[in-house]
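Residue numbers (UniProt numbering): 1 to 109. C-beta atoms are modelled at their ideal positions from N, C-alpha and C, and glycine is treated no differently. Only a predicted model underlies this, so the values are computations on that prediction, with no experimental measurement involved. A quick write-up on the structure given underneath.
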């Protein structure tokens, strides 16, 4: 299975995922029109996203419809959760420190 971070590092793939997140799946031609990318380029990125398990594909009469697979992103989110907590704690500590060294600055009236 490809490295999800490497797959998501490509801005065009993130744009495709953002477009799929907003709907109930899109045909390739709808992605091409909505993103202003060429059909071969969209298809290339969709193939990578499908291999990574981030999108699913169904064949329809009008073409291939792609949908976001939320469970793949959920796994990534589960992995990232402790890091978010780590940084939230650190930022809270920084805020407490700044409040203690400059008690009057930055307070809302």
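According to DSSP, residues forming a beta bridge with residue i
i, result
"residue 59", "64"
"residue 27", "65"
Unbroken alpha helix (DSSP H) run spanning residue i, endpoints
i, result
"residue 39", "39-51"
"residue 93", "70-101"
"residue 21", "11-21"
"residue 54", "It is not in any alpha helix (DSSP H) - residue 54 carries neither H nor E in the DSSP assignment."
Buried or exposed by the 16-neighbour rule on C-beta atoms within 10 Å, applied to residue i
i, result
"residue 114", "Here the chain covers residues 1 to 109 and nothing more, so residue 114 does not appear."
"residue 91", "exposed"
"residue 45", "buried"
"residue 13", "buried"
"residue 26", "buried"
"residue 83", "exposed"
"residue 118", "Absent from the model: residue 118. The displayed extent of the chain is 1 to 109, so no value can be given."
Beta-carbon separation (whole angstroms), residue i vs residue j, contact threshold 8 Å
i, j, result
"residue 7", "residue 42", "Not quite, the Cβ-Cβ distance comes to about 15 Å (not below 8 Å), so this is no contact."
"residue 19", "residue 35", "6 Å"
Counting Cβ pairs closer than 8 Å, one from the segment 46-57 and one from the segment 2-12, do we hit at least three?
In short, these stretches touch, since the Cβ pair count reaches three.
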